[in-house]
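Data block below; observations after.
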Amino acid sequence: MNEWLDPLLLSRWQFGLTTIYHFLFVPITIGMAVTVAIFQTAWVRTDKVHYLQLTKFFGKLFLINFAMGVVTGIVQEFQFGMNWSEYSRFVGDVFGAPLALEGLLAFFLEATFIGLWIFGWNRLPRGVHLATIWVTAAGTVLSAYFIIAANAFMQNPVGYTMNAERGRAELTDIGALLTNKVALAAFPHTIAACFMVAAGLIITVAAWHLYRNQHLDTMRPALKFGLWMMVIAGLLTTFFGDQLSLAMVQTQPMKMAAAEATYNTVTGANASFSIFTLGTPDGVHELFSIRIPYLLSLLSTHTFNGTVEGINDLQAQYTQLYGPGDYTPIIWVTYWTFRWMIGLGLLHVVVAVVGLWITRKGREPKWPWLWKVAIWSFPLSLGAMIMGWTFTEMGRQPWIVFSLLKTQSAVSPNVSGLEVLISLVVFTLLYGALAVVEFGLIKRAAQKGPDDAPQPDPETGVVQPLTTVY
Numbered sequence: 001m002n003e004w005l006d007p008l009l010l011s012r013w014q015f016g017l018t019t020i021y022h023f024l025f026v027p028i029t030i031g032m033a034v035t036v037a038i039f040q041t042a043w044v045r046t047d048k049v050h051y052l053q054l055t056k057f058f059g060k061l062f063l064i065n066f067a068m069g070v071v072t073g074i075v076q077e078f079q080f081g082m083n084w085s086e087y088s089r090f091v092g093d094v095f096g097a098p099l100a101l102e103g104l105l106a107f108f109l110e111a112t113f114i115g116l117w118i119f120g121w122n123r124l125p126r127g128v129h130l131a132t133i134w135v136t137a138a139g140t141v142l143s144a145y146f147i148i149a150a151n152a153f154m155q156n157p158v159g160y161t162m163n164a165e166r167g168r169a170e171l172t173d174i175g176a177l178l179t180n181k182v183a184l185a186a187f188p189h190t191i192a193a194c195f196m197v198a199a200g201l202i203i204t205v206a207a208w209h210l211y212r213n214q215h216l217d218t219m220r221p222a223l224k225f226g227l228w229m230m231v232i233a234g235l236l237t238t239f240f241g242d243q244l245s246l247a248m249v250q251t252q253p254m255k256m257a258a259a260e261a262t263y264n265t266v267t268g269a270n271a272s273f274s275i276f277t278l279g280t281p282d283g284v285h286e287l288f289s290i291r292i293p294y295l296l297s298l299l300s301t302h303t304f305n306g307t308v309e310g311i312n313d314l315q316a317q318y319t320q321l322y323g324p325g326d327y328t329p330i331i332w333v334t335y336w337t338f339r340w341m342i343g344l345g346l347l348h349v350v351v352a353v354v355g356l357w358i359t360r361k362g363r364e365p366k367w368p369w370l371w372k373v374a375i376w377s378f379p380l381s382l383g384a385m386i387m388g389w390t391f392t393e394m395g396r397q398p399w400i401v402f403s404l405l406k407t408q409s410a411v412s413p414n415v416s417g418l419e420v421l422i423s424l425v426v427f428t429l430l431y432g433a434l435a436v437v438e439f440g441l442i443k444r445a446a447q448k449g450p451d452d453a454p455q456p457d458p459e460t461g462v463v464q465p466l467t468t469v470y
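Going left to right, the sequence shown walks through residues 1 to 470 as UniProt numbering numbers them.
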């Protein structure tokens with residue numbers, strides 16, 4: 001019973017629950033903000049009404065998601081002080097800078113200009129109103145960079161000095177913090193993945209309506225846009241993911257070793273990448289695998305004869321550097337989340353490529369079940385991103401700040417397991433209720449579809465502008 005009331009274990013579960021739940025909304029917000037801006041730009045430039053319909057339709061989905069993301073994100077900051085006070089004390093001087101920039105600059109842009117966009121329809125000139133959604137989109141991307149820069153410090157601490165007297169890290173070079181090699185590699189990879197999630201949402205919604213043969217004038221171009229966006233974003237995600245893997249090997253070699261469950265250092269052909277592996281539940285022993293020779297070396301070093309350090313050798317190195325302890329993350333978690341991230345990502349890119357081929361030159365699929373396959377694009381893309389984020393955070397363990405502070409030392413010392421358990425249950429129930437509300441709102445708006453194109457008044461012949469109340 002005492003094990004289940006361990007404050008560290010419960011705090012980790014609570015932070016994992018709230019973080020993953022909040023992260024459901026982040027990629028949709030970033031990707032959809034840019035998507036809506038693109039649709040509105042197309043309308044302003046061409047004056048084609050279906051672009052205006054798509055702008056307002058996907059704008060409504062964007063706003064629902066944005067509001068829920070703000071609500072769930074507030075909880076994250078409270079946890080730093082409640083459950084992870086030692087972490088906050090240790091890293092607060094460093095974390096404060098990027099988080100302050102995110103709140104005072106990026107979120108200010110989002111909150112201000114999204115209001116102007118919502119209430120500026122038919123009040124602001126077209127060009128000015130268009131600028132408001134682009135500034136909103138820029139704010140979401142900028143916000144992501146500051147958060148990633150803060151997280152990158154946990155992966156690769158830079159720009160700080162240790163204050164031995166106070167026992168904490170203190171910021172000395174904000175430039176180094178904001179140009180951390182991990183942040184520079186993770187940012188484009190994450191943003192490209194956000195566009196994949198947004199593309200997945202567009203494909204899912206469009207396929208759902210086309211399967212029912214409704215809203216054809218808007219959903220056909222939306223589907224084509226989503227398919228192309230998925231392919232392009234998928235290629236970019238893969239390219240930037242390769243750059244991120246190089247940074248990961250340089251800064252956290254144990255994470256790459258855990259991702260491949262490589263216990264012994266390997267070189268060249270022996271540094272193979274397993275596409276599929278069956279092993280013992282703990283991931284220690286391999287029973288069967290399908291491997292590609294040299295691929296792990298190529299991914300890790302961009303050479304065919306590179307060396308990839310193994311878990312056992314790294315464990316020995318870390319023991320000498322940091323003292324006795326287990327410096328290995330949970331192997332089966334890192335191994336499978338890494339593969340699910342790649343597998344799901346590739347799968348829905350393949351779905352998009354097939355979709356482009358089937359619908360080329362305005363053709364319709366011959367088999368209705370293909371629409372049902374396309375509807376899975378959004379769950380697949382979102383699942384891939386969640387797997388990637390889980391791999392990123394779990395692969396860093398047992399460190400909360402790599403090489404500086406272990407997770408077990410970061411938990412609040414005066415918070416009991418029972419208190420954390422109560423808050424965990426409350427958050428679970430609250431987030432469950434919010435999930436029902438969010439899903440219901442999104443589903444209702446998505447199934448309703450875009451507003452009909454305006455028709456001329458039979459008496460005057462005047463076409464009334466398309467309006468939507470947010």
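The beta-carbon is built from N, C-alpha and C at its ideal position, and this holds for glycine as well.
As the structure is a computational prediction, the values presented were derived from the model and not from experiment.
{"Check": "Hey, how far is the Cα of Glu393 from the Cα of Arg126?", "Outcome": "43 Å"}
{"Check": "State the Cα-Cα distance for the pair Leu10 and Leu424, rounded to the nearest angstrom.", "Outcome": "7 Å"}
{"Check": "Should Thr55 be labelled buried (16 or more other beta-carbon atoms within 10 Å of its own) or exposed?", "Outcome": "buried"}
{"Check": "From this set, Asn122, Gln79, Gly92, Leu142, which residue's C-alpha is nearest Phe107's C-alpha?", "Outcome": "Leu142"}
{"Check": "Can you name, in chain order, every residue of its own chain whose Cβ lies under 6 Å from the Cβ of Phe80, other than the five neighbours on each side?", "Outcome": "Ser88"}
{"Check": "Taking 8 Å as the threshold (C-beta atoms), are Ser412 and Glu77 in contact?", "Outcome": "no"}
{"Check": "So Asn122 and Gln14 are supposed to be a Cβ contact under 8 Å. How far apart are they, rounded?", "Outcome": "About 45 Å; that fails the 8 Å criterion."}
{"Check": "In whole angstroms, give me the CA-to-CA distance for Leu178 and Ala374.", "Outcome": "39 Å"}
{"Check": "Quick one: does Pro98 have its CB under 8 Å from some CB of chain D?", "Outcome": "Checking the listed chains, one finds no chain D in this structure; it contains a single protein chain."}
{"Check": "Does Glu170 come out as helix, strand or coil in the three-state DSSP assignment?", "Outcome": "strand"}
{"Check": "In this structure, how does DSSP classify Leu130 when only helix, strand and coil are distinguished?", "Outcome": "helix"}
{"Check": "Between Trp208 and the rest of its own chain, which residues show a CB-CB distance below 6 Å, the 5 nearest in sequence each way excluded?", "Outcome": "Ile375"}
{"Check": "Using the Cβ count rule (16 or more neighbours within 10 Å means buried), how would you classify Ile422?", "Outcome": "exposed"}
{"Check": "Please classify Pro368 as buried or exposed, where buried requires at least 16 neighbouring CB atoms within 10 angstroms.", "Outcome": "exposed"}
{"Check": "Determine the burial state of Met162: buried for a count of at least 16 other Cβ atoms within 10 Å of its Cβ, exposed for fewer.", "Outcome": "exposed"}
{"Check": "In three-state terms, what does DSSP make of Lys48?", "Outcome": "coil"}
{"Check": "Going by the DSSP bridge assignment, what does Asn163 pair with across the sheet?", "Outcome": "Arg168"}
{"Check": "What does a CB cutoff of less than 7 Å around Leu344 pick up in its chain, not counting 5 residues either side in sequence?", "Outcome": "Leu380, Gly383, Ala384, Met387"}
{"Check": "Among residues of its own chain, excluding the 5 on either side of Asp173, which ones have a beta-carbon nearer than 7 Å to its beta-carbon?", "Outcome": "Gly159"}
{"Check": "Mind checking whether Leu299 and Asp242 have CB atoms under 8 Å apart?", "Outcome": "yes"}
{"Check": "Ignoring anything shorter than 4 residues or poking outside the stretch 200-261, list the alpha helix (DSSP H) runs there in chain order.", "Outcome": "216-251, 253-260"}
{"Check": "Anyone know if the C-beta pair for Leu101 and Ala185 falls short of 8 Å?", "Outcome": "no"}
{"Check": "With three or more C-beta pairs closer than 8 Å as the rule, is the stretch 132-140 touching the stretch 21-34?", "Outcome": "yes"}
{"Check": "Is it true that the CB of Ala193 sits closer than 8 Å to the CB of Ala206?", "Outcome": "no"}
{"Check": "Between Leu418 and Leu5, what straight-line distance do the alpha-carbon atoms span, to the nearest angstrom?", "Outcome": "6 Å"}
{"Check": "Using beta-carbon positions only, say whether Leu24 and Ala446 come within less than 8 Å of one another.", "Outcome": "no"}
{"Check": "Report the option in Ala164, Gln252, Thr72, Asp217 whose CA atom is closest to the CA atom of Ala433.", "Outcome": "Thr72"}
{"Check": "Do you know how far the Cα of Asp93 is from the Cα of Arg339?", "Outcome": "36 Å"}
{"Check": "Indicate the three-state DSSP secondary structure (helix, strand or coil) for Ile330 in the structure shown.", "Outcome": "coil"}
{"Check": "Going by the beta-carbon positions, is the gap between residue 472 and Ala150 smaller than 8 Å?", "Outcome": "Nothing can be reported for residue 472: it is not among the residues displayed for the chain, which extend from 1 to 470."}
{"Check": "Tell me whether Trp117 sits in a helix, a strand or coil according to DSSP, three-state version.", "Outcome": "helix"}
{"Check": "From the DSSP output, in three-state form, read off Phe195 for me.", "Outcome": "helix"}
{"Check": "Could you check the C-alpha separation between Ser409 and Val420 for me, to the nearest Å?", "Outcome": "16 Å"}
{"Check": "Find the nearest neighbour of Ile342 within the set Glu260, Asp217, Leu356, Trp228, judged by alpha-carbon distance.", "Outcome": "Glu260"}
{"Check": "With 16 as the cutoff for other CB atoms within 10 Å, does Ile64 come out buried or exposed?", "Outcome": "buried"}
{"Check": "Exposed or buried, which one is Gln214 when buried takes at least 16 other CB atoms within 10 Å?", "Outcome": "exposed"}
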